[in-house]
Every structure is written in structure tokens, then in C-alpha cells.
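First the structure, in the form of C-alpha cells, and then the observations on it.
In my numbering, the protein residues as written are 1415 to 1822.
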């Protein structure tokens, strides 16, 4: 008996379902590939520069006057006058103090009177000796009698010499009652008020004067710094002038200094050597006792390869830097560094001019990371932030990117 005819099931829905499955499967695979692909992030990089790098040694120094004079009372008496304003400039020869001169004027009068008296007696003794000398030749007086007049003459000669010395000393003592400035400079505060007794038993300090132009800045360096600076300066023929100074407020002093003195020996207690530098001070800005920082040119490297100090990675004494290779991937490049000046480090080995390096956020990066380099100046005037969206990429990399986009 023939089987009843069954209508075949339609094949189209099955094919449709298979195609839908393939489509979704392909989409999922593409999404997984895109999720697995690393993100290429834009990153600021800079070209390695070369420049002349002076190495300035910085030392803490103290300013002192070239000449400092203590004004003291050299005679005893009451202080009558003060002829200046404290803290002001004085000139050599200016009258500063007056001590009561009356006792010394009386001493001078007494010394002069004694001199006049003995000069009169000397004149009489001289005449007597001349007269008795003539009588001795005539045989009228004896030798002994003549010698007594001769002795009297010599005695008055000695007294007159003594009186002259007393008059001179009295004049000197009287002169000490007026005290004049021995130098040009700035005079400090008065140590004794007018009306007080000064000079009793000691040379009373009245005030102090210091010269202001030029001034000294003294500091000490250790033996290692001294030897390094000495050798480098001799090899490079660096001059002893052109020394710089930073004041306590951080500003640089407008005048340069000149090496004045290097101490004769190293202090065995501290292992340091004393250095003294002279700076002009025409405006009187610098005062003795101020502290400052002296900058001495120790060495200078011509056409040195330099990088910002913030770009250096130091791990357990190993220094390196992130460099961008030809595939725009980061390479941890070992470097040998030298001295640092103004936040820039000299690189002795490991880099070449025009190498691209990463200068910021180096701690957040890792070797092998692919980036889109944005070349920016190594130093941006005014510290202006660089806009990654508006910055132009490296020309070689932009050509490569354009070819890839065109092929794609």
C-alpha cells in the first residue's frame, strides 16, 4: 500500500538561521579581537638636545666687610658730643665723638709752662758755662768749679727735652678727645650714650665702622670639591672672575665677583678649605653678616647631550630613560648621567641627538608600550601645557600613519 505523501519541510528558515549564527559569531570574534588589541595612547615626547652646559658649584657663604674698625675712647673723660647719625655713611676724617677736653687742655698748659721755665734756666746755664769756660782758660776758676756749671747746663738740656716730650704727649692726649672716622663706610649704633664716662681703665667701644664697597663673601669647600674645581678650571683655563651669587631671597645678585683668596691650608678638624670672593657693592645692598650662595663655575661641557632630570628613571642605582623606537614603542634605554644644572642632566652615554624620549609621567609607563608620539619642545616657555589634540605628531610617524590609513 503506497505511503501517504508528506510535504517536505521548507529549507529556507534553516539556511537563514545558519547565516544569522555565522554573522553573530563573526561579530563576536571581531569584538574580542578589538578588545584584545592594546590601546595606542598619544604621549608627549621630546627630541634630545645638545647645548653648552656650565657646571656651577654652589656654596653657602657669609658677607663681611673688607675693612672693619672699632671706634674706641683712648682717653678717660665724659662723652660730650656725637656728631653723626647711626647707620649712615661717614667719610674718612669726619668728626664722630667729642670727649670733654678741659682736663687735657690744663695738662697741656702745665707742660708748656714747665717747658718755658726749664728753657729759661737752660739759657742761663748756657751763658754761665760759656763765661766760666773763658775764666778757666784765664786760670781764674778751677776745673772743678767749671765742671759744676757744665753739669748744670747738661741737666737743664735733659729737662727741656723731657718737657718737650711732655708737651707733645699732652697734645696727643688732647687730640684723642676728638675722634674722627679713619675710613669711609657705614657706622653702626652707638654703644655709649652722651654724658657717660668713657676710657676709665679700658678703651671703651663707642661704635663700629665697616666699609661697604666692595665686600667679601667667605665660604668653605671640602677637599674633593676643591680638587675637582682646581683641575677642571686649570684644564679649561676658566677665569677667576665672573663668579655669581644668589641672595637669601633667591634672587641673583646683579654684579659678578672675583676670587680674592684661597686659604693656605685645609682645616684638619673639618676637612675644608677657606675661600674668599670679592663682590662690588656700589648701591650698599649687601651688608656684613648676610648669608648668600656663591656659584663658582667648576667645569663647562660643550655640545653636551642633555635631558630633563624628571625623565631619568633610577632603580637600585641603575639609571635609564624611556626612548621611542622606530615602531613607536617605548624602550627602557640605560644611560650614564653626569652633573645636573637647572633641572637638566648631562647624559654621557646611551643617547644620541634627536632621539625621542619621554619626559613626563615616566612612572606610569612600561617598556614595549605602543604610543602615538606627540613631539613637543623639551622646555615650554612659561610652562604652558601642551594640548595633545592640537599638537603635531612627528613627521616620520605621520607619514607612516597616513600610509596605513590609505592602505586600510
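Where is the CB? At the ideal position from N, CA and C, for every residue including glycine.
In the DSSP assignment, find the beta strand (DSSP E) that holds residue 1479 and state where it starts and stops. Here residue 1479 is taken as the residue at index 65 of the chain shown, counted from 1. Counting along the chain, the beta strand (DSSP E) containing residue 1479 begins and ends at 1463-1479.
7 angstroms Cβ cutoff met for residue 1770 and residue 1459: Locating residue 1770 in the chain shown gives position 356, where the first residue counts as 1. Locating residue 1459 in the chain shown gives position 45, where the first residue counts as 1. Their beta carbons are under 7 angstroms apart, which means residue 1770 touches residue 1459 by this criterion.
For residue 1752, which three-state DSSP category applies? Within the chain shown, numbered from 1, the residue matching residue 1752 stands at position 338. Residue state, collapsed to three classes: strand.
Given residue 1626, which residues of its chain have a CB within under 8 angstroms of its CB, disregarding the five upstream and five downstream residues? Sequence index remark: in the chain shown, residue 1626 carries index 212 (1-based). Closer than 8 angstroms at the Cβ level, and outside the excluded window around residue 1626, lie 1479, 1503, 1599, 1600, 1695, 1698, 1700 and 1701.
Just to confirm, is the Cβ distance from residue 1745 to residue 1719 under 7 angstroms? By one-based count along the chain shown, residue 1745 stands at place 331. By one-based count along the chain shown, residue 1719 stands at place 305. Taking 7 angstroms as the Cβ cut-off, residue 1745 and residue 1719 do not qualify as a contacting pair.
Under the rule that 16 or more other beta-carbon atoms within 10 Å means buried, what is residue 1618, buried or exposed? Within the chain shown, numbered from 1, the residue matching residue 1618 stands at position 204. Residue 1618 should be labelled buried.
Which residues bound the alpha helix (DSSP H) around residue 1571? The residue given as residue 1571 occupies position 157 in the chain shown. Residue 1571 -> alpha helix (DSSP H) spans 1557-1589.
Return yes when the Cβ of residue 1516 is within less than 7 angstroms of the Cβ of residue 1608, no when it is not. Counted from its first residue, the chain shown places residue 1608 at position 194. Counted from its first residue, the chain shown places residue 1516 at position 102. Contact: no.
Grab me the residues of residue 1508's own chain with a C-beta within less than 8 angstroms of its C-beta, minus the 5 sequence neighbours each way, in chain order. Counting from one through the chain shown, the residue named residue 1508 turns up at place 94. The answer, listed in chain order, is 1497, 1498, 1594 and 1595.
Looking at the structure shown, is residue 1667 part of a helix, part of a strand, or coil, going by DSSP? Here the question's residue 1667 lines up with position 253 in the chain shown. Coil, per DSSP.
Going by other Cβ atoms of all chains shown within 10 Å of its Cβ, with 16 needed for buried, is residue 1725 buried or exposed? As a first step, residue 1725 is located in the chain shown; it is residue number 311 there, counting from the start. Residue 1725 is buried by the Cβ-count criterion.
Quick check: the Cα distance between residue 1586 and residue 1597, rounded to an integer number of angstroms? Along the chain shown, read from residue 1 onward, the residue named residue 1586 stands at position 172. Along the chain shown, read from residue 1 onward, the residue named residue 1597 stands at position 183. When rounded, the distance between both Cα atoms is 20 angstroms.
Thinking C-beta only, is residue 1615 closer than 7 angstroms to residue 1489? Along the chain shown, read from residue 1 onward, the residue named residue 1489 stands at position 75. Along the chain shown, read from residue 1 onward, the residue named residue 1615 stands at position 201. It is not a contact, given that the beta carbons lie outside the stated cut-off.
Residue 1690 - containing alpha helix (DSSP H), residue span: By 1-based counting over the chain shown, the position of residue 1690 is 276. No alpha helix (DSSP H) contains residue 1690, which is instead part of the beta strand (DSSP E) from 1686-1693.
Who does residue 1792 pair with in a DSSP beta bridge? Counted from its first residue, the chain shown places residue 1792 at position 378. Answer by DSSP bridge pairing: none, since residue 1792 is not bridged.
According to DSSP, residues forming a beta bridge with residue 1784: As a working mapping, residue 1784 is identified with position 370 in the chain shown. In the DSSP output, where bridge partners are listed per residue, residue 1784 has 1743.
Can at least three beta-carbon pairs, one atom from the region 1465-1479 and one from the region 1567-1575, be found at a separation below 8 angstroms? no
Give me the Cα-Cα distance between residue 1377 and residue 1487, rounded to the nearest whole angstrom. Because the chain in this structure spans residues 1415 to 1822, residue 1377 falls outside the shown range and cannot be described.
What three-state label does DSSP hand residue 1486 in the structure shown? Position 72 of the chain shown holds residue 1486. It is a strand residue.
Looking at residue 1485 and residue 1620, is the spacing between their C-beta atoms short of 7 angstroms? Numbered from its first residue, the chain shown carries residue 1620 at position 206. Numbered from its first residue, the chain shown carries residue 1485 at position 71. Contact: yes.
Euclidean distance between Cα positions of residue 1646 and residue 1711: As a working mapping, residue 1646 is identified with position 232 in the chain shown. As a working mapping, residue 1711 is identified with position 297 in the chain shown. Distance between the alpha carbons of residue 1646 and residue 1711: 9 angstroms.
Starting from residue 1718, follow the alpha helix (DSSP H) in both directions and report where the run begins and ends. Translated into the one-based positions of the chain shown, residue 1718 becomes position 304. That residue, residue 1718, is in no alpha helix (DSSP H); its beta strand (DSSP E) goes 1705-1722.
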